[in-house]
Amino acid sequence: MTTTLNDAITLPCGVTLNNRILKSAMTEGMADYNDQATQRHATLYQRWAEGDAGLLITGNVMVDARYLERPGNVCVESSADQPHLRHWATAGQSNGNPMWMQISHPGRQVAKIVSKTPLAPSPVQLKLGGYFAEPRALTENDIQDIIRRFGVTALGAKNSGFAGVQIHGAHGYLISEFLSPVVNQRNDRWGGSLENRARLLLDVVRAVRNNVGSEFPISVKLNSADFQKGGFTLVECVEVAKMLEHEKIDLLEISGGTYEQTNMFGTTDTPNDTNQTKRESTKQREAYFLDYAKTIRAAIKTPFAVTGGFRSADTMREALLNSEVDIIGLARPFCVEPDLPRKLIQGNIQHLHPYENTLQFGNGKMGINSPYKLISMMNVQAQVSWFSHQIYRLAVHQDPDTSAGLKRSYLKQMYNEIRIAAVRKRSPTEER
Ligand SMILES: Cc1cc2nc3c(=O)[nH]c(=O)nc-3n(C[C@H](O)[C@H](O)[C@H](O)COP(=O)(O)O)c2cc1C
């Protein structure tokens with residue numbers, strides 16, 4: 046049997062997605078000073094809904110207002126039906142498509158302007174030029190509180206009209222930190238063996254399932270690997286994927302990398318990458334994690350998506366035809382082509398412009414693949430700011446502006462985040 050981009054797929058919970066195109070999570074940074082979704086969220090997701098994606102996943106929504114991935118994150122700390130969330134969910138599903146909320150705790154990847162005391166499995170600071178503070182190791186009580194919070198946020202999403210949730214277990218945020226032997230140096234039941242390191246993820250999945258019931262879709266986004274010496278490996282990812290299948294999750298989405306090793310954006314040429322040979326062959330292909338994904342796919346039957354670098358209709362079709370994936374995840378292309386799914390399905394677009402290949406401050410040591418981590422990170426941040434700039438435009442009924450400057454987008458974004466962080470600090474919500 047052959048699978049095309051336009052084929053429906055039914056998930057283990059019984060929910061059917063209309064096609065195989067998933068808009069992957071992209072943080073919006075558009076919440077108000079009380080961390081609530083705004084009209085801009087609704088406008089943005091209505092625009093994306095009109096593009097006919099099989100599934101929209103929101104940017105990461107925080108489970109604890111004290112720890113944001115960045116200023117402007119939406120935060121959900123109540124299980125109640127909340128008007129600002131309902132408005133967002135209604136607009137984002139106005140075309141009959143489901144929209145799922147990605148829920149997350151950032152762990153140690155919290156900029157100092159948000160928190161000077163971030164949390165992590167162990168007090169291991171990010172090696173990124175002091176931009177991130179040294180984290181405090183979580184206590185048993187902290188961990189239990191975080192598990193509970195994931196459950197509460199997921200129920201808040203469900204009660205407010207979202208059609209599913211995705212637990213963010215990738216990219217070096219808290220759950221991903223627990224999986225990594227580099228950041229997780231604990232010697233209690235949360236660290237050491239893979240079984241212990243995966244305990245937080247599995248307990249979060251169970252807390253969420255317990256709150257939302259068996260018919261509500263739960264997805265997990267997981268790293269195929271951290272691409273760091275001593276970090277979470279592909280072999281371990283395969284084992285965790287099997288554990289998640291046992292928990293009957295509905296969709297596994299594969300990505301890779303962390304803030305220190307930003308493979309999720311296609312950056313590769315940094316010295317800590319321990320998969321040099323494999324990396325070269327993967328680099329020839331546009332989809333960064335497809336080689337890794339094949340190994341994971343072979344071990345599980347759970348519906349399976351891969352995100353990162355898909356840029357041509359042929360590669361997407363081939364991956365589906367060969368059953369390497371069930372669903373194609375796309376993120377940055379949605380910022381410049383909001384109607385992407387329809388165009389892909391109708392065959393009106395063959396190649397997605399790889400803007401990320403040219404958006405950088407310089408070449409070589411000054412570029413995105415600089416051996417100097419700080420420079421590489423600044424390039425990545427600038428690039429992400431450029432895509433965020435497109436998102437902001439869509440959110441106020443404007444079309445994307447691909448002539449926008451990289452430096453300008455970066456500076457604007459930094460100014461915006463510092464401003465929001467400063468106002469939030471003065472607001473009573475900081476006391477929560
Ligand atoms: C502006 C922006 C924000 C992002 N925010 C998130 C996020 O909140 N959660 C997440 O899992 N990934 C996030 N990502 C990563 C994307 O989901 C995706 O994994 C990555 O961009 C690679 O896919 P692509 O090549 O199709 O863009 C973000 C990416 C961008 C460009």
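Under the numbering used here, think of the first position of the sequence shown as 46, with each following residue one higher.
All residues carry an ideal CB built from backbone N, CA and C; glycine is no exception.
Can you list, in chain order, the residues of its chain with a C-beta nearer than 7 Å to that of residue i? Leave out the 5 residues immediately preceding and following it.
i, result
"Tyr112", "His150, Pro151, Val155, Ser160, Pro163 and Leu164"
"Phe379", "Lys68, Trp93 and Leu385"
"Gly236", "Pro166, Asn229, Gln230 and Arg242"
"Glu401", "Phe310, Gly311, Arg377 and Gln428"
"Pro383", "Arg92, Trp93, Gly96 and Leu439"
"Ala466", "Pro116, Ile158 and Val159"
"Asp248", "Ile192"
"Ala338", "Ser269, Ile299, Val351, Glu369 and Val370"
Could you tell me which of the options sits nearest to residue i, measuring between CA atoms?
i, options, result
"Gly450", "Asn461, Arg92 and Gln435", "Gln435"
"His396", "Gly196, Asn402, Val468 and Asp359", "Asp359"
"Thr515", "Arg231, Lys293, Phe177 and Val253", "Examination of residue 515 is not possible in this model, given that the chain is present from 46 through 477 alone."
"Met423", "Gly275, Gly174 and Leu219", "Gly174"
"His216", "Thr198, Glu260 and Gly311", "Gly311"
"Met459", "Thr352, Tyr176 and Ser69", "Tyr176"
"Ala178", "Thr184, Val169, Asn186 and Met411", "Val169"
"Glu462", "Ser139, Val108, Ile158 and Met107", "Ile158"
"Leu219", "Gln426, Ile191 and Glu331", "Ile191"
"Phe334", "Val210, Gly104, Pro180 and Cys282", "Cys282"
"Ile394", "Leu385, Glu401, Asp109 and Gln405", "Leu385"
"Gly276", "Gln306, Arg92, Ala252 and Met288", "Gln306"
"Val441", "Ala182, Leu171, Thr49 and Glu73", "Glu73"
"Pro29", "Ala466, Ile413, Ala270 and Thr135", "With the chain represented from 46 up to 477, any question about residue 29 goes unanswered, as that position is not in the structure."
"Tyr455", "Ala208, Gln426 and Ala110", "Gln426"
"Ser448", "Val381, Ser238 and Tyr78", "Val381"
"Ala82", "Cys58, Gly99, Ala53 and Thr135", "Thr135"
"Ile212", "Tyr304, Leu245 and Ser238", "Leu245"
"Gly99", "Ala110, Ile54, Asp336 and Asn79", "Ile54"
"Val280", "Pro416, Leu224, Ser259 and Tyr304", "Leu224"
"Ser259", "Val210, Glu240 and Ser238", "Val210"
"Ile413", "Thr49, Ala364 and Tyr304", "Tyr304"
What residues in its chain sit with their C-beta under 8 Å from that of residue i, if we drop five residues either side in the sequence?
i, result
"Arg342", "Phe349, Ser368, Glu369 and Val370"
"Lys328", "Any reading at Lys328 is ruled out, since the residue's pLDDT is 43, under 50, leaving its predicted position unreliable."
"Ala344", "Val283, Ala286 and Lys287"
"Arg115", "Thr72, Gly74, Ala156, Val159 and Glu462"
"Arg251", "Glu292"
"Asn255", "Gly196"
"Ala87", "His132, Trp133, Thr135, Ala136 and Gly137"
Apart from the five residues on each side of it in sequence, which residues of its chain come closer than 6 Å, Cβ to Cβ, to residue i?
i, result
"Val60", "Pro262"
"Met71", "Gly104 and Ala376"
"Thr315", "The predicted model places Thr315 with a pLDDT of 41, which falls under 50 and marks its position as unreliable; any figure quoted below should be read in that light. Excluding positions up to five away in sequence, the list is empty."
"Gly354", "Gly311, Glu331, Ala332 and Tyr333"
"His129", "Gln81 and Ala82"
"Ser430", "Ser454, Tyr455 and Gln458"
"Leu183", "Leu164"
If residue i and residue j are in contact, beta carbons under 8 Å, what's the gap, nearest whole angstrom?
i, j, result
"Phe432", "Arg377", "5 Å"
"Ala125", "Gly201", "7 Å"
"Ser167", "Arg231", "6 Å"
"Leu267", "Val253", "The Cβ separation is near 15 Å, so there is no contact."
"Gln428", "Gln443", "That belief does not hold up - the Cβ atoms of Gln428 and Gln443 are roughly 20 Å apart, past 8 Å."
"Lys203", "Val257", "5 Å"
"Lys172", "Lys457", "Their Cβ separation, rounded to whole angstroms, is 27 Å, which puts Lys172 and Lys457 out of contact at 8 Å."
"Thr47", "Leu366", "6 Å"
"Cys58", "Asp295", "5 Å"
"Arg469", "Tyr78", "6 Å"
Checking 8 Å against the spacing of the C-beta atoms, do residue i and residue j come in under that value?
i, j, result
"Arg362", "Asp97", "no"
"Leu62", "Pro143", "yes"
"Arg453", "Asp446", "no"
"Ile390", "Asn64", "yes"
"Ser264", "Trp145", "yes"
"Gly137", "Tyr90", "yes"
"Ile148", "Ala208", "no"
"Arg194", "Val108", "yes"
"Arg153", "Glu222", "yes"
"Ile420", "Ile66", "no"
"Glu298", "Thr352", "yes"
"Gln127", "Ser205", "yes"
(message) Report the start-end ranges of each alpha helix (DSSP H) in the region 266-296 that is 4 residues or longer and not cut off at the edges.
(response) Listed in chain order, the complete alpha helix (DSSP H) runs (minimum 4 residues) inside the region 266-296 are 279-291.
(message) So within the region 190-236, which uninterrupted beta strand (DSSP E) runs reach at least 3 residues, ignoring any that extend past its ends?
(response) 209-214
(request) Report the residue ranges of all alpha helix (DSSP H) runs contained in full by the region 361-428; include only those spanning at least 4 residues, in chain order. (result) Correct list: 377-381 and 385-390.
(message) Going residue by residue through the region 49-84, where are the continuous beta strand (DSSP E) segments of at least 3 residues, counting only ones entirely within it?
(response) 66-68
(request) With a floor of 4 residues, list each alpha helix (DSSP H) that falls wholly inside the region 84-129, ordered by position along the chain. (result) 84-94
(request) May I have a chain-ordered list of the alpha helix (DSSP H) segments no shorter than 4 residues that lie completely inside the region 328-354? (result) 335-344
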